[in-house]
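Keeping their order, the protein sequence lines are chains A and B. The first sequence maps to residues 136 to 568 in our numbering. The second sequence maps to residues 153 to 505 in our numbering. Cβ atoms here follow ideal geometry from the backbone N, Cα and C, with glycine treated the same way. Below is one structure, written out as structure tokens; the observations come after it.
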Amino acid sequence: MKRFSTFLFLLFMVVLMGSNFISAQTKPEAFHYKDEIGVIKIKPNEPIHIACWLAVAGSEASLGIDSKRGVEIAVEDKGGKILGFPIKLTVQDTGCNAEGGQAAATKLAADPTIVAAIGSTCSSEARPGAPILWKAGIVTVSPSNTAPELTSPKRGKEYEGYLRTAHNDKVQGAVAAEFAYKYLKVRRAATIHDGSPYAEQLQAVFAERFKKLGGTITSQEAVAPTDTDMRPMLTKIATGKPEMIYYPIFIAAGGHVTRQVKEIAGLEKVYLMGADGLFSPDFYKAAGEAAIGMYHSSPDFSAFAEGYKAFLEKHQKKYGEKPLSVFHAHAYDAAMIIFSAIEKVAKKAPDGTLYIGRKALRDALYATKNHKGLTGTLTCDSYGDCADPRIAVYLTRAENVKKLEMPDKPFWAPYIKQPSLKEKPEEKKPVKK
Amino acid sequence: MLQRWKDRISPTDLIMWFIGGAILCLIVWGSTATLTEGRYTHRHWFDFIVFGFAQGSIYALIAMGYTMVYGTLRMINFAHSEVFMSGPYTAYFVAAAFYSSGFLDRQPLISLITLFLVSMATSTLIAILLERIAYRPLRTSPRLVPLITAIGASFFLQYTFRGLYGSGFQAYPTVKVLEGVWWVGGFRILKFQAVVILAAALLMAALYSFIQRTRIGKAIRAVSEDKEISSLMGIDIDRIIVITFIIGGMAAGAAGVLYALMFKQVHFFMGFIPGIKAFTAAVLGGIGNIPGAMLGGIFLGLVESVGPSLFLDGLGIVAPYQLKDAIAFIMLVLILIFRPTGILGERLAVKKA
Chain A
136 MKRFSTFLFL
146 LFMVVLMGSN
156 FISAQTKPEA
166 FHYKDEIGVI
176 KIKPNEPIHI
186 ACWLAVAGSE
196 ASLGIDSKRG
206 VEIAVEDKGG
216 KILGFPIKLT
226 VQDTGCNAEG
236 GQAAATKLAA
246 DPTIVAAIGS
256 TCSSEARPGA
266 PILWKAGIVT
276 VSPSNTAPEL
286 TSPKRGKEYE
296 GYLRTAHNDK
306 VQGAVAAEFA
316 YKYLKVRRAA
326 TIHDGSPYAE
336 QLQAVFAERF
346 KKLGGTITSQ
356 EAVAPTDTDM
366 RPMLTKIATG
376 KPEMIYYPIF
386 IAAGGHVTRQ
396 VKEIAGLEKV
406 YLMGADGLFS
416 PDFYKAAGEA
426 AIGMYHSSPD
436 FSAFAEGYKA
446 FLEKHQKKYG
456 EKPLSVFHAH
466 AYDAAMIIFS
476 AIEKVAKKAP
486 DGTLYIGRKA
496 LRDALYATKN
506 HKGLTGTLTC
516 DSYGDCADPR
526 IAVYLTRAEN
536 VKKLEMPDKP
546 FWAPYIKQPS
556 LKEKPEEKKP
566 VKK
Chain B
153 MLQRWKDRIS
163 PTDLIMWFIG
173 GAILCLIVWG
183 STATLTEGRY
193 THRHWFDFIV
203 FGFAQGSIYA
213 LIAMGYTMVY
223 GTLRMINFAH
233 SEVFMSGPYT
243 AYFVAAAFYS
253 SGFLDRQPLI
263 SLITLFLVSM
273 ATSTLIAILL
283 ERIAYRPLRT
293 SPRLVPLITA
303 IGASFFLQYT
313 FRGLYGSGFQ
323 AYPTVKVLEG
333 VWWVGGFRIL
343 KFQAVVILAA
353 ALLMAALYSF
363 IQRTRIGKAI
373 RAVSEDKEIS
383 SLMGIDIDRI
393 IVITFIIGGM
403 AAGAAGVLYA
413 LMFKQVHFFM
423 GFIPGIKAFT
433 AAVLGGIGNI
443 PGAMLGGIFL
453 GLVESVGPSL
463 FLDGLGIVAP
473 YQLKDAIAFI
483 MLVLILIFRP
493 TGILGERLAV
503 KKA
């Protein structure tokens with residue numbers, strides 16, 4: 136009998152809740168705002184929730200924290216408000232791996248208050264994460280994913296809610312290959328990747344371009360991001376007698392490779408080149424003096440727009456240090472295009488509630504055109520590439536490592552006709568000791 | 153005769169043997185292909201082997217802790233990887249202070265010994281605390297309970313270090329005297345790798361003779377044979393168990409400094425992968441068996457270093473080094489198929505496990 140009464144009670148509760156729900160649904164609304172996917176309603180005094188999913192902890196934290204700070208400065212520049220509604224920023228760590236990206240995206244997708252997302256940091260996170268977010272109707276703009284496949288025409292419908300303000304690595308890989316072939320006059324190169332979409336695709340672009348220019352790729356090796364002992368793999372590379380090693384991987388593994396290369400017989404004099412994933416003072420910490428004489432491809436900060444100087448001053452004032460990595464300005468731009476897209480599509484109801492259509496927001500973001508950002512003039516194409524990419528090559532000198540500061544002047548760039556001859560590169564790698 | 157064979161061998165055994173045989177064939181095929189290709193000279197092979205030995209001796213030292221605790225307590229101390237991490241992480245602060253004051257370059261030997269002592273002391277302390285707080289109160293509870301506690305303790309320690317020192321890594325200063333190479337009979341060997349291998353060999357020899365020659369060592373062996381009987385013989389079980397944790401902690405602390413010398417990075421998660429590998433090494437050598445753990449560690453290090461080039465290169469697999477973990481674990485599977493007790497594991501008279 137007791138069980139039966141419990142059952143009756145439960146049934147009653149369910150009916151009650153159901154009816155409540157139905158009545159809420161059928162309540163006539165004075166204000167109409169339709170959207171194919173869904174509408175976010177923000178009552179007066181409620182915040183507009185923007186979620187960051189970035190790698191803010193772990194060995195690649197410098198990448199994510201750098202972007203997070205860019206977003207924070209963008210919010211500040213906006214006065215903390217869009218259309219009179221305060222902006223609320225939350226951050227989920229993604230850990231720079233697929234599992235972390237998936238977990239963070241699943242968490243975000245479960246939160247219906249999120250208007251738009253900024254992230255992810257690493258391309259490996261976006262591959263599983265972006266479809267999860269878009270399924271929940273959340274559009275995301277990445278400040279630092281650069282793997283070509285994320286915005287390739289073949290990427291599939293589930294990535295339709297994904298855009299990026301970072302450059303596409305089709306550009307970066309080609310610049311690196313041209314630099315190696317035309318400037319360093321290297322004819323034999325080896326590459327290393329870590330199985331992440333970013334590294335794997337970037338080294339593939341490099342290898343393809345390098346071969347097209349007439350060079351030979353001696354081997355394309357891979358490591359696991361958590362590997363520490365690179366010496367056996369480097370010994371294998373040494374058998375191909377390359378003149379240069381291109382390893383667009385991340386800081387933890389990149390540091391080990393850089394330190395261990397010089398210990399291998401036959402690789403004492405190779406040129407080393409990394410990419411933007413390694414362009415951080417944290418990398419200098421990881422690699423130590425072995426990083427001296429190394430090249431990096433990275434966005435050209437000197438080609439950034441006027442506002443970048445003011446941004447750097449604000450950054451210095453707010454955090455007491457220089458940017459930690461590469462993608463702070465891209466993150467700033469990502470936040471700004473989201474803000475202006477929200478302004479475009481949001482509608483205020485007579486009772487003060489703000490209505491934002493998810494599909495409309497996505498379309499407005501894709502329609503971004505000639506947005507004057509810090510990284511250049513942003514125009515999004517139909518696959519979500521919004522960047523105005525200018526990639527340059529940087530050379531690390533002894534004082535950079537000593538002060539743990541990234542070089543601020545590009546060493547070479549394809550659009551600078553003559554590489555500055557005043558800064559002739561050392562003929563041989565500087566001997567450390 | 154045939155009938156008896158049929159009774160003894162189950163179909164599962166046959167399938168396992170078939171799988172094992174197939175893997176073996178692949179290995180032999182790959183190796184011959186690589187060797188006939190002649191891409192690597194004897195110098196390269198020597199390098200591979202030295203790299204493998206250096207990495208393997210670190211695994212071996214960590215594996216001692218796993219295997220000794222298993223021997224006495226019949227439990228896997230999953231927090232051992234954090235015992236390994238805590239030592240060099242704490243010693244880092246000493247190392248950084250030495251480096252910035254210039255003491256490290258002036259007195260490298262004294263600094264190195266200090267680093268070892270600090271690291272070993274910290275690891276040992278953590279190991280003792282672990283035993284006292286997390287394992288001793290649960291010694292009589294079901295076997296799964298201390299296992300879960302170990303995992304919990306492991307997370308606790310990891311995130312304590314993360315909370316204290318941040319989630320980034322710390323870069324170990326380089327010891328100048330250990331940079332560079334030595335030439336040994338026409339072969340090139342990195343100085344610090346030679347030091348790592350020598351130090352690990354010395355430590356392992358010391359440990360082994362301690363276990364074999366001293367009264368306490370005898371007591372440890374007795375406890376791992378049968379706890380109840382040895383307590384009847386007047387052995388203080390609690391004391392012996394603490395001693396095994398101390399020895400394991402010391403070995404792990406020493407391994408930590410060697411690791412830091414080789415890779416020059418420490419972070420709160422650094423123990424995880426070496427810990428798993430060392431556990432594998434302990435199982436490979438026969439868990440509970442101390443020489444087995446040493447052998448297993450060295451074997452695993454060698455397989456990881458030599459394996460990808462030797463086995464996979466000849467099969468035409470690109471970028472073999474991303475598969476080195478796979479190779480290491482396939483070796484484990486192979487050994488467990490053909491020798492379920494591990495390389496040196498003895499068949500147990502009474503089922504202890």
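request  = Please work out which residues of its chain come closer than 7 Å, Cβ to Cβ, to residue 209 of chain A, disregarding the five sequence neighbours upstream and downstream, and give them in chain order.
outcome  = 467, 470, 471
task = Just tell me which of B:353, B:344, B:476, B:312 has its CA closest to the CA of residue 421 of chain B.
result = B:312
message = Just to confirm the assignment, what range does the alpha helix (DSSP H) spanning residue 296 of chain B have?
response = 296 to 317
message = Quick check: residue 228 of chain B and residue 302 of chain B, are their CB atoms within less than 9 Å of each other?
response = yes
ask   = residue 166 of chain B: buried (16+ other C-beta within 10 angstroms of its C-beta) or exposed?
value = exposed
query = Can you tell me whether residue 254 of chain B is buried or exposed, with buried defined as 16 or more other CB within 10 angstroms of its CB?
reply = exposed
task = Say whether chain B places a C-beta atom closer than 9 Å to the C-beta of residue 458 of chain A.
result = no
inquiry  = Given a cut-off of 9 Å on the beta-carbon distance, is the pair residue 459 of chain B and residue 480 of chain B in contact?
reply    = yes
ask   = Which word fits residue 293 of chain A, buried or exposed, when buried means at least 16 other C-beta atoms lie within 10 angstroms of its C-beta?
value = exposed
query = What is the DSSP secondary structure of residue 419 of chain B, counted as helix, strand or coil?
reply = coil
Near-chain B residues of the region 448 to 482 of chain A - C-beta to any C-beta below 9 Å = none
request  = Compute the Euclidean distance between the alpha carbons of residue 160 of chain A and residue 487 of chain A, then round it to the nearest angstrom.
outcome  = Legend: pLDDT at residue 160 of chain A = 48, less than 50; position of this residue unreliable, value from coordinates given subsequently. If I take the Cα positions, the gap works out to 20 Å.
query = How close, in whole Å, do the beta carbons of residue 433 of chain B and residue 452 of chain B come, if the pair is a contact with beta carbons under 8 Å?
reply = 5 Å
key: Ranges of the beta strand (DSSP E) found wholly within the region 425 to 495 of chain A, counting only runs of at least 3   = 430 to 434, 489 to 492
request  = Output, in chain order, the set of chain A residues within a Cβ distance shorter than 9 Å of residue 244 of chain B.
outcome  = What residue 244 of chain B touches in chain A: nothing, since even the nearest Cβ is about 12 Å away.
ask   = So which of A:256, A:247, A:227, A:180 has the shortest CA-CA distance to residue 221 of chain A?
value = A:180
inquiry  = With distance defined between alpha-carbon atoms, name the residue in B:410, B:234, B:437 nearest to residue 324 of chain B.
reply    = B:410
task = Output the distance between the C-alpha atoms of residue 174 of chain A and residue 444 of chain A, rounded to the nearest integer angstrom.
result = 38 Å
query = If we count the other Cβ atoms within 10 Å of its Cβ and call it buried at 16 or more, is residue 370 of chain A buried or exposed?
reply = buried
task = Measure from the C-beta of residue 204 of chain B to each C-beta in chain A and report whether the shortest distance is under 9 Å.
result = yes
Residue environment, residue 485 of chain B, which counts as buried when at least 16 other CB atoms sit within 10 Å = exposed
ask   = Can you list the residues of chain A that residue 192 of chain B reaches, using a CB-CB cut of under 9 Å?
value = 370, 371, 374
Continuous alpha helix (DSSP H) stretch holding residue 451 of chain B: start and end = 442 to 459
query = From what residue to what residue does the alpha helix (DSSP H) around residue 571 of chain A run?
reply = Nothing about residue 571 of chain A can be reported from this structure: the residues present for chain A run from 136 to 568 only.
query = With 16 other CB atoms within 10 Å as the buried threshold, where does residue 361 of chain B fall?
reply = exposed
query = Hey, how far is the Cα of residue 241 of chain B from the Cα of residue 356 of chain B?
reply = 22 Å
query = Hey, is residue 446 of chain B's beta-carbon within less than 9 Å of any beta-carbon in chain A?
reply = no
request  = State the beta-bridge partners of residue 334 of chain B as determined by DSSP.
outcome  = B:341
task = Assuming residue 380 of chain A contacts residue 325 of chain A (C-beta within less than 8 Å), just tell me the rounded distance between them.
result = 5 Å
task = Note down, in chain order, every chain A residue with its Cβ under 8 Å from the Cβ of residue 315 of chain B.
result = Result: empty, since nearest Cβ-Cβ is about 11 Å, beyond 8 Å.
inquiry  = So, under 8 Å CB-CB, residue 204 of chain B and residue 454 of chain B are touching, yes? Tell me the CB distance rounded to an integer number of Å.
reply    = 4 Å
task = Rounded to whole angstroms, what's the CA-CA distance from residue 235 of chain B to residue 348 of chain A? Just pull it up for me.
result = 52 Å
inquiry  = Can you tell me whether residue 380 of chain A is helix, strand or coil according to DSSP?
reply    = strand
inquiry  = Between which residues of its own chain and residue 497 of chain B is the CB-CB distance below 8 Å, once the five residues before and five after are set aside?
reply    = 437, 438, 439, 440, 441, 444, 491
key: Nonlocal neighbours in the same chain, by C-beta distance under 7 Å from residue 217 of chain A, ignoring five residues either side   = 183, 474, 477, 478
query = What residue from A:409, A:219, A:212, A:442 has the CA that sits closest to residue 512 of chain A's CA?
reply = A:442
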